[in-house]
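A short worksheet on the structure shown next.
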Amino acid sequence: MARSGWVKPERTERLSDHVSLGVLAKVFPPRLVDEVVAKVGAGEQRSRLLPSWMMVYYVMALALHAAASYEEVMRSLLGGLQWISHRTSEWTMPTKAAIFKARTRLGSEVMIELFDQVAKPFGPQTQRGFLAGLRLVSVDGTTMDIADTPANEQAYGRPGTNTNFKSAYPQARILGLVECGTHAIIGAVTGPYSMAENDMYLGLQHKLDPSMLLMADRGFFSYRSFKDSAATGAQLLWRVRGNMVLPVLEELEDGSYLSAVYEGTKQRRNKVDPVPVRVVEYAVSNGAEASEFRLLTTLLDPGGVSAQELAEAYAKRWEIELCFKEMKTHQRGPSVVLRSKTPEGVLQEIYGYLCTHYALRTLIGEVALEFGEDPLRVSFTRTLRAARRSMAGQPGFSP
């Protein structure tokens, strides 16, 4: 039976004989998978044909082979496990119903916890993606089409509010924190389509640290989120709206100026709990029209980082959109919707995509470092194809 709302793209290559378990298991080692399964209470009370640890890799394999059926991916996974474990007897091929039940037993919490533990920045300072010793990271959101079922629509909603225009599929919203120099997604939260990204952002603040310079678009600013983000020790470079009240406290030699942000008009009038900021204003023209930019930063000293350098760094914020394109267009495939028919399955599947994308980006980072290349110059699509074709490595499974 066809998946609800699933469009299978044309396939120009044969599914590999084995899922590239070596890539996945190197980044998400079996020992850690076992620990996370135990931590969230997703282990089995009795021996099963499809244990939880196996299903973790299966969920990631689904994201690696988005165009393949459930059975094709499982057959490939079992072949890889047999090769790795040197078993002479074949694994029993489960039915589609058994796979569905095993995914349901696994749930989504394992995948969320696994991604949260593993996904960390890894780009060395020798590569681009740093400013004044600070790692450039960016936050932004995207959406993914999900299977058109009543349960998914109720949980996630869909674009369009009237009968004349509604999206063909429900959509889940994803907010990601991305390391700009490597395209690695190092933090993510999900929610329904209607959820505001600045509300979702609260779930990413624990990923910030003093080594980072966080860039965000104007939709993310609020006094509270800016202040709380600065409290993590991370430096900030956020775009704000042009009509925001920002009194000039001191003009600086590079054209920027010092100011302060307040929670509201009353607090500004009484100078209560200000957050000191530096304001950088400039315009970018495409020849026909110019766009005005107004940036707030916690980097107050122009001697450390100039206004020009800040403007150039902010332009790299758009790397996050290319990162989402890798996951949605190349990894998932154009016109392909997530296959899960339940909200819990959708959440599990999204984090399977996030884990797999992070594993591929880690592999690219290691190769780039070894050969002295910029990781953003190493083709993601070629790496993805190689991972799909490759035999599994030797991650040391003990089935």
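In the numbering used here, the protein residues as written are 10 to 408.
Yeah, the Cβ is synthetic: ideal placement off N, Cα and C, and Gly gets one too.
Use the C-beta contact count for residue 218: other C-beta atoms within 10 angstroms, 16 or more gives buried, fewer gives exposed. exposed
Given 8 Å as the limit, is there contact between the region 172-192 and the region 321-329, that is, 3 or more CB pairs closer than that? yes
Cα separation between residue 353 and residue 295? 44 Å
Identify the residues that DSSP records as bridge partners of residue 196: which are they? 186
Determine, using beta-carbon pairs with one atom in the region 71-83 and one in the region 142-153, whether at least three such pairs fall under 8 Å. no
Within 8 Å, strictly: CB atoms of residue 107 and residue 41: no
At what residues does the alpha helix (DSSP H) containing residue 287 begin and finish? That residue, residue 287, is in no alpha helix (DSSP H); its beta strand (DSSP E) goes 284-294.
Using the DSSP secondary-structure output, state which residues sit across from residue 201 in a beta bridge. 181
In the structure shown, what three-state DSSP assignment does residue 209 receive? helix
Kindly list the residues whose CB is nearer than 8 Å to the CB of residue 391, restricted to its own chain and excluding five residues on each side of it in sequence; keep chain order. none
Distance, residue 284 Cα to residue 236 Cα: 7 Å
By the DSSP assignment, the alpha helix (DSSP H) with residue 148 in it spans what residues? Segment 143-154 is the beta strand (DSSP E) holding residue 148; no alpha helix (DSSP H) there.
Using DSSP's beta-bridge definition, name the partner residues of residue 306. 246, 287
First and last residue of the uninterrupted beta strand (DSSP E) at residue 102: Residue 102 -> no beta strand (DSSP E), and no H or E assigned at all.
Assuming the contact rule is C-beta atoms closer than 8 Å, residue 116 and residue 51 should be a hit. Round their C-beta distance to whole Å, please. 6 Å
Tell me whether the beta-carbon of residue 315 lies closer than 8 Å to the beta-carbon of residue 288. no
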